[in-house]
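Following: one structure in structure tokens, then a few remarks.
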Amino acid sequence: MLRFLTAGESHGPALTVVVDGLPAGVPVSREAIDADLRRRQGGYGRGGRMQIETDSAEITAGVRHGLTLGSPVSLLVRNRDHENWRDVMSPEPQPDAARERRRLRYPRPGHADLAGALKYGTDDLRNVLERASARETTARVAAGALARSLLRETGIEVRSHVLRIGTVALPATVSASWDELSRVETSAVRCIDPATGDAMTAEIDRVKKDGDSVGGVVEVVARGVPPGLGSFAQWDRRLDGRIAQALMSIHAVKAVALGAGFAGGETRGSAFHDEILWSAGAGIERPTNRAGGLEGGVSNGQEIRAAAVVKPIPTLLMALRSVDLQTRQPQSASVERSDTCVVPAAGVVAEAMLALVLADALLEKTGGDSLSELKAHLEATRSGQRALAGPLDQR
Ligand code: EPS
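For the sequence shown, my numbering begins at 85 and goes up steadily by one.
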């Protein structure tokens with residue numbers, strides 16, 4: 085229902101995203117998009133590039149007087165750094181010197197360099213890494229801000245926080261409450277606990293001093309999600325699978341867990357599943373949420389909770405062993421200016437991806453060409469659900 089495509093190279097002129105399928109009447113503000121772009125640029129451990137960029141989205145289609153028209157929305161974020169790469173990244177033919185100046189021949193273990201070179205049959209890794217770069221997530225966050233705006237209109241909100249950076253983690257028993265999650269906006273590492281946050285920044289400092297990089301784990305949480313999004317009727321309609329794919333598609337993500345995730349493999353059923361209670365005043369209630377708001381591939385009305393493991397980024401000052409693709413001789417991997425840790429930023433990207441998946445699933449459930457039509461359909465759904473499972477006085 086809601087589709088988006090991004091385009092753009094890391095040091096090219098701009099990133100572009102086209103979002104198709106938003107109903108008419110959704111509020112869109114450049115300030116709100118830019119606020120999310122700013123959050124993605126932040127986080128302790130970023131490198132020099134973020135000092136150059138001040139990401140800001142130009143709205144080039146699909147919005148009139150602050151509201152979507154129902155037509156595709158197109159956003160453009162210019163790369164300021166492109167000024168320094170004009171000839172290297174020029175779409176026009178250039179003298180060989182421009183290509184040679186920033187040619188990369190020594191693939192970085194863990195990056196797309198080698199797999200991309202073999203895929204496209206090139207020994208100039210620049211042609212691969214420019215698009216494989218996590219710079220692309222800028223466009224996803226811009227698209228996510230549109231999805232978030234639609235969701236906000238229906239009472240659905242998405243937040244994220246950092247569970248772990250390297251060896252420093254929140255205790256596994258801590259489940260961040262919705263209010264605690266709002267605190268992370270003032271934390272350099274987007275951690276709910278200031279002491280753990282300080283230990284995380286110290287970990288990043290240590291790693292940076294060694295010329296190394298460090299990964300971590302983020303959790304993304306959505307509340308206000310109505311029951312019944314997604315479907316168990318077909319494998320590819322399951323909301324759990326769609327969320328996992330969206331999060332796994334984020335650069336550097338190596339594992340995704342929904343709710344208690346991997347603990348499900350080591351816990352008995354009686355201690356794992358979330359019991360179903362009912363009271364006249366509150367209707368159906370769930371005392372726990374180990375399922376992460378998803379049962380049978382369908383949202384169950386609880387908070388949706390998903391965690392993603394972000395590997396350490398592959399560009400290391402302390403370069404790993406690699407091979408010169410031209411001479412086949414051993415060679416240390418290429419070193420580009422880079423970040424030490426992108427885990428806090430990955431949380432903001434995860435929010436965008438979750439918002440896009442939820443907006444898609446919501447539109448699938450409600451339909452509606454305009455926001456008011458969507459809201460009316462959603463209210464009819466909610467009222468049916470209250471009659472089935474809500475408090476007695478709402479039947
Ligand atoms: C990235 C390398 C670095 C990061 C970049 C991702 O960029 P540069 O090569 O220009 O220093 O800063 O991330 C971003 C530009 C961004 O906006 O997040 C890479 O190779 O993946």
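We put the beta carbon where it would ideally sit given N, CA and C, even for glycine.
- Between residue 112 and residue 151, the CB-CB gap stays under 8 Å.
- In the DSSP assignment, residue 169 falls outside any alpha helix (DSSP H), carrying neither H nor E.
- Judged by beta-carbon spacing, residue 337 lies within the 8 Å limit of residue 392, meaning their Cβ atoms are closer than that value.
- If you check the C-beta of residue 218 against the ligand EPS, you find a heavy atom less than 7 Å away.
- The alpha helix (DSSP H) runs lying completely inside the segment 250-310 and spanning 4 residues or more are 262-266 and 278-293, given in chain order.
- Of the residues assessed, residue 476 falls on the exposed side of the cut-off, its CB having fewer than 16 other CB atoms within 10 angstroms.
- Rounded to whole angstroms, residue 382 and residue 408 show a C-alpha spacing of 49 Å.
- Checking the DSSP bridge columns, you'll see residue 88 partnered with 103.
- Nearest neighbour of residue 287 by Cα position, chosen from 396, 245, 214 and 267, turns out to be 396.
- Around the beta carbon of residue 207, a 10 Å sphere encloses fewer than 16 other beta carbons of the protein chains shown; the residue is thus reported as exposed.
- In this structure, residue 432 lies near residue 225, with their beta-carbon atoms less than 8 Å apart.
- The Cβ atoms of residue 305 and residue 442 lie no closer than 8 Å to each other.
- Between the ligand EPS and the CB of residue 451, the shortest heavy atom gap is not smaller than 7 Å.
- Spanning the alpha carbons of residue 86 and residue 235 requires a straight line of approximately 13 Å.
- If you check the C-beta of residue 387 against the ligand EPS, you find no heavy atom less than 7 Å away.
- Below 8 Å, too few C-beta pairs join the segment 291-307 and the segment 354-369 to call them touching: fewer than three.
- A residue is called buried once 16 or more other Cβ atoms fall within 10 Å of its Cβ, and residue 88 is buried on that count.
- Taking the Cα of residue 233 as reference, the smallest distance to any Cα among 436, 366, 449 and 421 is reached at 436.
- Contact annotation, residue 251 with residue 139: C-beta distance approximately 31 Å; criterion of less than 8 Å not satisfied.
- The beta carbon of residue 187 lies closer than 7 Å to those of 208 and 210 in the same chain, with the five residues before and after it left out.
- Cβ-Cβ distances below 6 Å link residue 160 to 98, 100, 142 and 144 in the same chain, with the five nearest sequence neighbours on each side left out; the list follows chain order.
- Take residue 479, set aside five residues on each side of it, and the residues of its chain with a beta-carbon closer than 8 Å to its own are 470 and 471, in chain order.
- Linking residue 108 to residue 328 through their CA atoms gives a straight-line distance of about 29 Å.
- Following the DSSP letters along the chain, one finds residue 144 inside the beta strand (DSSP E) bounded by residues 141-145.
- Taking the C-beta atoms as reference points, residue 410 is found no nearer than 8 Å to residue 124.
- If you ignore the 5 residues before and after residue 103, its C-beta comes within less than 6 Å of the C-beta of 88, 157, 227 and 230, all in its own chain and listed in chain order.
- In the three-state DSSP reduction, residue 93 falls in the coil class, being neither helix nor strand.
- Judged by beta-carbon spacing, residue 273 lies within the 8 Å limit of residue 246, meaning their Cβ atoms are closer than that value.
- Distances between the C-beta of residue 422 and the heavy atoms of the ligand EPS include at least one below 7 Å.
- DSSP places residue 117 within a helical segment (H, G or I) once states are collapsed to three.
- The alpha-carbon of residue 269 is positioned some 11 Å away from that of residue 122.
- Excluding residues up to 5 positions away in sequence, 173, 214 and 215 lie with their Cβ nearer than 7 Å to the Cβ of residue 93 in the same chain.
- Across the structure, residue 315 and residue 412 are spaced so that their CA atoms are roughly 51 Å apart.
- Cβ neighbours of residue 466 within its own chain (closer than 7 Å, five residues either side excluded): 310.
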